[in-house]
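Novice: Got a structure here, written out as C-alpha cells. Questions coming.
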Amino acid sequence: MAVLRRAAGVAAALSAIATATPVPALDSRQSNGDLSSCPGYSASNIQTSSTGMTADLSLAGDACNVYGDDIQDLTLTVEYQTDSRLHVLIQDANNQVYQVPSDVVYRPDGNSDHCKESDSDLKFNYVENPFSFSVVRKSNDEVLFDTSAASFVFESQYFRLRTSLPSSPSLYGLGEHTDPFMLNTTNYTRTFWNRDAYSIPTGTNLYGDHPVYFDHRAANGTHGVFLLNSDGMDVKIDDTNGQYLEYNAIGGVVDLYFMAGPGPNDVAQQYSEVVGKSAMMPYWGFGFHQCRYGYRDVYEVAEVVANYSSAGIPLETMWTDIDYMYLRRVFTLDPYRYPLDVMQELVSTLHERQQHYIVMVDPAVAYNNNDAYFEGVEQDVFLKRDNGTLYKGVVWPGVTVFPDWFDPSTQDYWNGQFGSFFDADTGVNIDALWIDMNEAANFCNYPCANPEAEAEAMGNPPRPPPIRLGSPRQIPGFPQDFQPVCKTEVTFRVNASTFYGENIVLIGSALTLGEFDESNAVSMSADNYPVWSVTVDMPADGDFTYQFLRAEPDGSYIYENTNRTISTGDCGSTDETDVQSITTSSPEGSSKLKRSASSIPPLGADLEKRQSSGDQKGLPDRDLINPPYMIDNAAGSLSNKTIDTSLTHYGGWKEYDTHNLYGAMMSEASRIAMLSRRPSLRPLVITRSTFAGSGRQVGHWLGDNISDWFHYLISISQMLDFGALFQVPMVGSDVCGFGGNTNELLCARWATLGAFYPFYRNHNELGSLSQEFYRWPLVAEAARNAINIRYQLLDYFYTSFYEQTVSGTPAVQPMFFAYPEDENTFPLGYQFFWGPGIMVAPVTEENSTSTTVYMPDEIFYDFYTHEAVRGQGEEVTLTDIAYTTIPLYYKGGSIVAMRSNSSNTTTELRKEDFTIVIAPGLDGTAEGSLYLDDGVSLEQGATSYIHFHYSANGEFRMEGTFDYDSGNSITSVMVLGSGDNGDDDAGAPGHSGGHRKDGGHGKGSMGWHGKGSQKSMQIPLTGPKKFHV
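With mature numbering (1 follows the signal peptide of the UniProt record, and there is no 0) applied, the sequence shown corresponds to residues -20 to -1, 1 to 1009, in that order.
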C-alpha cells in the first residue's frame, strides 16, 4: 500500500523539514546530452569458434564523455547457447563494471548449453569499424536486431545501445507498467526503477523490473530480447529518423539474450529457459481470497468470514493487512485488537472450516524497542551507512531499518523471525505470505536527514482504531471468544476549536481508552465541528477517568490539567456525555508531552571496502546519488522515497546498481523462510516488487490500483504482461479496486473478471467503502456465478498452470499467441485465453450491457448455451450481458476437463467427479489434458498427466500417466455442436448465446441447457480408456 493521503496540516508540518532538506522535483529530469560526437568502437582480436566468438572493442576516436568517462577498452562475447538462443555480452575489459550477481538472478549455464553456430536458427553478424552488430533469424533471413542505427556509447555511468526496427512494430513487454498492452512506438519512454507507485499511474515506472520485449512480426515470426541489467534505465521507442528501440542505462553491462521464436509461445518457452521456470502453487491458492486494509480487529476479520458463508459465496482464504501488527511493527501482534490467543483460535477455526489464512510482512523493521530489531542488530543484518551507523528511513511503524539481503546472515535472521512469530504452536500459523513495500518503499524524502522528525510529521505509526471489547454481534461458526461480551457503549463529546492539522483525541484509564497510553489514544471525529465525538466500548458498571488531548501535527500532545470521570451503566446500555468544553488552548499556554525519538544507539562496525579490480561490483568514484544521466523516475531523484543509492551492501555491491533487485531478493528469502517452517509444502508467496525471474519463487499482485474503469481494464493487460511475457503466472489485481470507492456495477463486473485472473483477491484500502462481495445483492450474485465457474474449471486451469512450470507455455495468453498471423489480434489487450481452450471476452464499456468481441477465423462454442459460433475474423457485438455474468467461449479443437459441480472450498471441490467437454474444431477433432496431484506437496510422490483425444469419427481416447489416485471418475462426456437438442449449424457470428439477464446458470454447476450431446458413464481416472461418443 502507498502512503495514505494526508491532511494539509501534515503537509504544512512537513514543509518545515523540507526547507532544510529539499526534495528533488517530481517532474521529468531526463538528461539531454549530445551524443552525436561519440565515436563508437572498433573491433579487433576477433576469435571465432563453432559455438561463438570473442573480440576486443576499443574506442574508435576521441572520447565524448557525455554522461561519465568513456571506457576505452571493452570485450565482446557471443555464445550460441541453444538452437534458438543467442547470448551477447559486452563488458569492460577490466571486468570492474557492475554485473548482476549470478547467485541472485538465475541464468542458463552457457558453458554446458553451447550449440554449434551451424545448428542455431540465429546468426550474429558484425561490422568491425565502427562496431555494430545485427542478429538474424536464418530460417527466413529476418533481421531481428541491428545496432548500426546509432553509435554505441559505453561510459562509466551510462551506456546507449540502439536497434532499428521495422515501421509500426508490434512490441510487448518492458514492464512493469499500465500502458497499452501493445506498446506505443512514437516518443515512448519506459523507465526501469522500482518504486512505491500508489494508483499505478500510466506512463510511469512502477513496482517491478522486467526488461524483456516480444517483437511480433506476423508471418515473419516473433522473437524476444532480454537485457539482463538491474541498473536504472530508460528504454526509448520512437520513429524519429527511422523506427528504433534504444537502451539508456546508468550502469551495468550489455548482457543480451536473443530468443528466436519463431512463434510467440516459442519465445515464452525460450524466455522461461533464460530466467527459470515458474514455481508451482498450491491448489487451494487458486481459490477466492478476501482482504482489506482497515480490519480493525480480529473480530471483524472473523465476521467477514462468517458473512461470506451466510451469503453463500465461497471464500477459500482470509487475509489481514498490517492492521494485525502492534504499531505497524513487523513480527508483532497488537495485543488489544489481535491478541495471540484469539488469533490462534481464528486460524484453527479457519482450518477446521477448510479455509486458509495469510498476513502481510514488510521488509522495514521498526527502529525501536522490539525483538525483531534487537535480534537483527545482534546478527548485524541491517543496511548501514559508510560510517558504520544504521541507515534509517521512515515506513509505517515510523523510523525503520532495512535488512541487507546480500548478507548471508540475513537468511538465518529471517528464518528465525518466521520460525518464531509464525510457529504453529506458539505463534500465528499462517498458510502463505504476502509481501508489501519491498521496492524498498521509504516515506522519507531524500536525504532523510531527520527521519524521526519526518515520522512524527507524517503521523507514523498511524493511530490504531478504538479498542473493542469483543464482537458487537454474534458471529456464526466461531468459538465463544468471538461472541459479544458484557459491555456498554459511551459516546464522548467535547467542544474544541482547533487549527488545521490539530486533532482531538481521547485517553483514559479504561482499556478501550488506552489506559493512558498515547499510542492507543482514541481519535475523535470532527464531523460536527467544533464538537468532536467518538463512541467507545466501555466495561460495564465501572468508574473511569479520562482526558481530551490536543494532538499536534509535530507529534506532541497538550494535556488538560485535571482528569474527568465517568461511571458506566449495565451490560448492553448506551450513554452519551454532555458536550463538554476542552480546558486547553492551542497552540500556546499548556504543557506539552512530546513523544521522544528513539535513543537507541547505532551498532556495528564500518563496512569493509571490498571494491577491487575484476570483481564486477562497479567502478569506483561514481556519483551514486545524482548520476550524469538522470532516468525519468516518477519519484524524482534515484534515492527519493526509497533506500539511499549510495549505500554499500554486504560484499561490496552498491544499492545504486542493485536497487531493482531488493524486492526480488526479499521475496526469495521469504520463500526460503516459509519452507523452513513447512519444508514439505509448496509456499504461496505474493509479492509487490519483482525482477526478471521472480516467477521462479513467488506470485505478484499488481499493486495499489484504483476503483475505476481504467484500472478494471488495464488489469487485463497487466495480467497478460506478467503471465504470458514475464513468466510470473500467479498474478492478479485487487478486484473492485484498492484506492477510492467502488460502486455496485463496477464491482459486479470486476468480480466476474477477477475470477479469470490466476490470482483472485478482493482487497481495498482504509478509508474507502467496504467492498466485500456480499455488500450488494448484484455483486453477491455475480461473485457466486463467477466463483462457481472458476471452481468447476479449476483443474483445467491448474493443468495449464502446471504446464507453464514445466515448459514455459503461458497459462493465460493474449489473442495473438493463438492467432499469430491475424493482425486484428495484435493490439487486443482486453480479450484473452484462460488456459488453451477458454476465451474470455470481458465487457469493456463502463455501465454497459453490451460489448464488442473479436472473433478470429475459428469455431467457438458459447460457454453457457454451447451454441456454435463461427468466427469470421471480425468484431461482433454482444448484447444483454447481465452484470452477473461474463462472456466466455470454448475454443474449437479443445477438450476441457471440469468438475461436475462447484463447492464451497477447494478441499470439497477435489472430491467432485469430472465432466469432459469436447469442443470439436473445424476438422472435427479436439484434444486436451488433465494434471492431477495432491495439490500441496513440494515434491510429489505420484502424479497423473492424462491426455484426451477426440477424432472426427467420434472416438474418444485418454492416455498418459495415471500414478496419482484422486478417487475421482469421469461421470459424463459432452460433445458440443451435436445431439438432439438443436440443429448442428453454427450460429451467426457473434451470437451471444446464453448471456441471459438473470446471470445464466444455477448455483453450483453450469446448468447446461444448450446444444450438444451428453453421455453419462463412470470411468475411474486410473488408466487408459477408448470409446465412441
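Idealized CB from N, CA, C, for every residue including glycine. For clarity, every value in this text was computed on a predicted model and none was experimentally measured.
Can the beta-carbon of Glu97 be found closer than 8 Å to that of Ala23?
Specialist: Start at 1 with the first residue of the sequence shown, and residue 97 comes out as number 117. Start at 1 with the first residue of the sequence shown, and residue 23 comes out as number 43. The answer is no: Cβ separation not under 8 Å.
Novice: Using alpha carbons as the reference points, say which of Asn174, Asp301 and Gly204 lies closest to Leu236.
Specialist: Within the sequence shown, the letter at position 256 stands for residue 236. Comparing Cα-Cα distances from Leu236 to each of Asn174, Asp301 and Gly204, the minimum goes to Gly204.
Novice: Report the partner residues of Trp299 according to the DSSP bridge assignment.
Specialist: The residue given as residue 299 occupies position 319 in the sequence shown. Per DSSP, Ile338.
Novice: Taking the alpha-carbon of Ser179 as reference, which of Val281, Asn685 and Gly717 has the nearest alpha-carbon?
Specialist: In the sequence shown, the residue the question calls residue 179 occupies position 199. The candidate whose alpha carbon is nearest that of Ser179 is Asn685.
Novice: Counting only runs that start and end within the stretch 445 to 520, where is the beta strand (DSSP E) found for 3 or more residues in a row?
Specialist: Complete beta strand (DSSP E) runs here, min 3: 468 to 475, 483 to 488, 505 to 508 and 511 to 518.
Novice: Trp376 by DSSP, collapsed to three states: which one?
Specialist: Here residue 376 refers to the residue found at position 396 of the sequence shown. Coil at Trp376, not helix or strand.
Novice: Return helix, strand or coil for Tyr810, following the three-state DSSP convention.
Specialist: Residue mapping note: residue 810 aligns to position 830 of the sequence shown, counting from 1. Looking at Tyr810 - three-state DSSP - the assignment turns out to be coil, as it is neither helix nor strand.
Novice: Look at the alpha carbon of Phe718 and the alpha carbon of Phe671, and state the distance between them as a whole number of angstroms.
Specialist: Sequence index remark: in the sequence shown, residue 718 carries index 738 (1-based). Sequence index remark: in the sequence shown, residue 671 carries index 691 (1-based). When rounded, the distance between both Cα atoms is 23 Å.
Novice: Which ranges does the alpha helix (DSSP H) cover as unbroken runs of at least 4 residues, wholly within the stretch 638 to 697, from first to last along the chain?
Specialist: Complete alpha helix (DSSP H) runs here, min 4: 642 to 657.
Novice: Pro388 and Pro343 - do their beta-carbons sit closer together than 8 Å?
Specialist: Counting from 1 along the sequence shown, the entry for residue 343 is found at position 363. Counting from 1 along the sequence shown, the entry for residue 388 is found at position 408. No; because the gap between Cβ atoms is not below 8 Å, this pair is not in contact.
Novice: Out of Asp53, Asn742 and Thr548, state which residue places its alpha-carbon closest to the alpha-carbon of Ala731.
Specialist: For the purposes of this step, residue 731 is taken as the residue at position 751 of the sequence shown. Looking at the Cα atoms, Asn742 is the closest of the given residues.
Novice: In its own chain, which residues sit with a C-beta less than 7 Å from the C-beta of Thr171, not counting the 5 before and 5 after it?
Specialist: Numbered from its first residue, the sequence shown carries residue 171 at position 191. These residues qualify, in order along the chain: Asn185, Asp214, Ile611, Asp612 and Asn613.
Novice: Pull the bridge partners of Gly41 from the DSSP assignment, please.
Specialist: Here residue 41 refers to the residue found at position 61 of the sequence shown. None, per the DSSP bridge assignment.
Novice: Could you tell me if Tyr509 is buried or exposed, where buried requires 16 or more neighbouring beta carbons within 10 angstroms of its beta carbon?
Specialist: Translated into positions along the sequence shown, residue 509 becomes position 529. When all chains shown are included, Tyr509 counts as exposed.
Novice: Between which two residues does the beta strand (DSSP E) harbouring Gly940 extend?
Specialist: Stepping through the sequence shown from its first residue, residue 940 is reached at position 960. Segment Glu935 to Phe942, the beta strand (DSSP E) holding Gly940.
Novice: From Phe710 to Phe139, what distance separates their C-alpha atoms?
Specialist: For the purposes of this step, residue 710 is taken as the residue at position 730 of the sequence shown. For the purposes of this step, residue 139 is taken as the residue at position 159 of the sequence shown. Position check: residue 710 holds Met in this sequence, whereas Phe was assumed. If you take the alpha carbons of Met710 and Phe139, they lie about 34 Å apart.
Novice: Report yes or no: do the stretch 992 to 1007 and the stretch 943 to 951 share at least 3 C-beta pairs separated by less than 8 Å?
Specialist: The stretch 992 to 1007 vs the stretch 943 to 951: in contact.
Novice: Count the C-beta pairs between the stretch 858 to 866 and the stretch 273 to 290 that are closer than 8 Å, then say yes if the count reaches three, no if not.
Specialist: With the cut-off at 8 Å, the stretch 858 to 866 and the stretch 273 to 290 do not touch.
Novice: Which residues in the same chain have their Cβ closer than 6 Å to the Cβ of Gly241, if we skip the five residues on either side of it in sequence?
Specialist: The residue you call residue 241 lines up with position 261 of the sequence shown. Same-chain partners within the cutoff: Gly201, Thr202, His203 and Val247.
Novice: Assuming contact is defined by CB atoms lying nearer than 8 Å, are Ile217 and Leu207 in contact in what I supplied?
Specialist: Residue mapping note: residue 217 aligns to position 237 of the sequence shown, counting from 1. Residue mapping note: residue 207 aligns to position 227 of the sequence shown, counting from 1. No, the pair does not count as a contact, with Cβ atoms beyond the cut-off.
Novice: Can you list, in chain order, the residues of its chain with a C-beta nearer than 6 Å to that of Phe524? Leave out the 5 residues immediately preceding and following it.
Specialist: On the sequence shown, position 544 is the one that residue 524 refers to. Cβ within range, chain order: Gly488, Ser489, Ala490 and Ile546.
Novice: Using a Cβ-Cβ cutoff of less than 7 Å, which residues in the same chain neighbour Gln397 once the five nearest sequence positions on both sides are dropped?
Specialist: On the sequence shown, position 417 is the one that residue 397 refers to. Result list for Gln397: Phe311 and Ala352, in chain order.
Novice: Three-state secondary structure (DSSP) at Gln994?
Specialist: In the sequence shown, the residue the question calls residue 994 occupies position 1014. In this structure, Gln994 counts as strand in the three-state DSSP scheme.
Novice: In angstroms with no decimal places, state the Cα-to-Cα distance between Gly632 and Gln76.
Specialist: Your numbering for residue 632 matches position 652 in the sequence shown. Your numbering for residue 76 matches position 96 in the sequence shown. One C-alpha to the other measures close to 12 Å.
Novice: Compute the distance between the beta-carbons of Leu326 and Val278, then report whether it is under 8 Å.
Specialist: Taking the sequence shown and counting its residues from 1, the one referred to as residue 326 is at position 346. Taking the sequence shown and counting its residues from 1, the one referred to as residue 278 is at position 298. Contact: yes.
Novice: By alpha-carbon positions, which one of Asn74, Asn418, Gln463 and Ser909 ends up nearest to Gly188?
Specialist: Reading the sequence shown from its first residue, position 208 is the one you call residue 188. With distances taken between Cα atoms, Gly188 lies closest to Asn418.
Novice: Within 10 angstroms of the Cβ of Ser30, are there 16 or more other Cβ atoms? Answer buried if so, exposed if not.
Specialist: Here residue 30 corresponds to residue number 50 of the sequence shown, with the count starting at 1. Classification for Ser30: exposed.
Novice: Leaving out five residues before and five after Asn287 in sequence, what residues of the same chain have Cβ atoms less than 6 Å from its Cβ?
Specialist: Position 307 of the sequence shown, counted from the first residue, corresponds to residue 287. Hits under 6 Å: Tyr754.
Novice: Find out if the Cβ-Cβ distance for the pair Thr554, Gly522 is shorter than 8 Å.
Specialist: Counted from its first residue, the sequence shown places residue 554 at position 574. Counted from its first residue, the sequence shown places residue 522 at position 542. No, the Cβ-Cβ distance between Thr554 and Gly522 is not below 8 Å.
Novice: What whole-angstrom Cβ distance do residue 1023 and Phe781 have, given they're in contact under 8 Å?
Specialist: Nothing about residue 1023 can be read from this structure; the chain reaches only from -20 to 1009.
Novice: Rounded to the nearest angstrom, how far is the Cβ of Met340 from that of Arg662, given a contact under 8 Å?
Specialist: On the sequence shown, residue 340 is found 360 positions in, with the first residue counted as 1. On the sequence shown, residue 662 is found 682 positions in, with the first residue counted as 1. Incorrect: roughly 20 Å between the Cβ atoms, too far for contact.
Novice: How big is the Cα-Cα spacing for Thr297 and Gly13?
Specialist: To locate residue 297, count along the sequence shown from 1; it is residue 317. To locate residue 13, count along the sequence shown from 1; it is residue 33. Between Thr297 and Gly13, the C-alpha separation is close to 53 Å.
Novice: Cutting at 7 Å between CB atoms, please list the residues of its own chain near Thr143, excluding the five before and the five after it.
Specialist: Taking the first residue of the sequence shown as 1, we reach residue 143 at position 163. Same-chain partners within the cutoff: Phe125, Asp126, Thr127, Ala129, Tyr224 and Leu225.
Novice: Going by Cα to Cα distance, which pick from Gly616, Asp603 and Lys364 is closest to Ala177?
Specialist: The sequence position of residue 177 within the sequence shown is 197, counting from 1. Selected option, being the one with the closest Cα: Gly616.
Novice: Let me know the secondary structure DSSP gives Leu902 once reduced to three states.
Specialist: What you label residue 902 is simply residue 922 of the sequence shown in a count that begins at 1. Coil.
Novice: Report yes or no: is there a C-beta of chain D within less than 8 Å of the C-beta of Phe398?
Specialist: Protein chain content of the structure displayed is limited to a single chain, and chain D is not contained in it.
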